[in-house]
Structures are given as structure tokens and as C-alpha cells.
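What follows is a short report on a single structure.
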Amino acid sequence: MEYGADPNLKDVHGNSALYEATKNNNDNVVEIVLKHGGELSLSRSLSASALCNAVYEGDIKCLERLLKGNVEINATDYDKRTAAHIAASEGNLAALKLLVNAGADLSLKDRWGNTARCEAERVQNGSVLVFLDTLNQGIDYS
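Residue numbers (the numbering used here): 6 to 147.
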């Protein structure tokens, strides 16, 4: 970067340096690339896939790196599900809190008309439901 390398060049698969560093758990490279204007440059579908996979796998560090890279937080998969839907259905409260803090829209409905709250109710996840209730009451949840 010190010699003028373009932080946003893509490889033959269309992946940016920031995305490669993000998915390969390299926080130092993520910081350097971001500092020099690097972008994830992910399509909407790849954004959804990366977010949903990080949440499903419980990889909070990857989720944090994606959020640092300004991933499209409300990107939806083929079933119109967002990472918030996955977090609620998996009972991943830590991921759901990160997503909410990053601006996730919890009112989005999947192709069956379900919101993140519907998913938490379906699996009867009490801690996620309590958290969602605090959002409706304006309680500080940090």
C-alpha cells in the first residue's frame, strides 16, 4: 500500500483484498486495507451469503469484520432471509445485537412473511425475544 497498490483490485473470482482478509481471519490486513480505502465489493447475494454464513457458524469475529467493511447489512438470500432472520432462528443473541447496532432492519419479511421476531418465536428462544422486547421499549441494550 505504501507504494501505491490499489486496495480494490479484484482477483479472477471477483474477490477484493478486503473480502479475502475478512473470510481468512486476518484482522491486521483488514485494518490496513480499510485504512487505504479498501472495499468489500460484494454483490447483494454474496453479501447475504457471507453474513448468513458467519451468523449460522457463530463466527462473531467474521461478522464484525464484514460489518467494518460496510457489508450490505439487509442483503437477502434466495428466500429473502437476512442475517437477522438467521441470528433469531439460531438463538445467536450476540450476532443479533451486532446486526441491530449496525442498522439491521428487523421488520423485513422473508418469502413466507416471517420477520426475525417470528423466527425467535418459532424456536421459542426466550433470550432473543426478551432482547427484541427491549428494542420496542427503547431500553438501552448495549
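For glycine and all other residues, C-beta sits at the position ideal for the given N, C-alpha and C. As the structure is a computational prediction, the values presented were derived from the model and not from experiment.
A check of alpha carbon separations from alanine 80 across Asp138, Lys15, Ala109, Pro12 identifies Ala109 as the nearest.
Ranking Leu134, Glu124, Thr27, Asp11 by CA distance to the CA of alanine 55 puts Thr27 first. Here DSSP, grouped into helix, strand and coil, assigns lysine 15 to strand. Residue state for serine 21 is assigned as strand, using DSSP reduced to three classes.
Put simply, the backbone Cα of glutamate 126 is about 17 Å away from that of alanine 99. It is roughly 20 Å from the alpha-carbon of serine 52 to the alpha-carbon of asparagine 119. As the crow flies, the alpha-carbon of leucine 103 is around 8 Å from that of leucine 68. The same chain holds no residue with a CB closer than 8 Å to that of aspartate 11 once the five nearest residues on each side in sequence are set aside.
Between the alpha carbons of lysine 66 and tryptophan 117 lies a distance of about 30 Å.
Around alanine 121, the same chain offers Ala89, His90, Ala93, Leu111 as residues with beta carbons nearer than 6 Å, after the five sequence neighbours per side are excluded. For secondary structure counted as the alpha helix (DSSP H) over 4 or more consecutive residues, the segment 83-137 holds these complete runs in sequence order: 88-95, 98-106, 121-127.
C-alpha of valine 38 to C-alpha of leucine 113: approximately 32 Å in a straight line. Going by C-alpha positions, glycine 9 is about 45 Å away from leucine 140.
By the neighbour-count definition (other C-beta atoms within 10 Å, threshold 16), valine 135 is an exposed residue.
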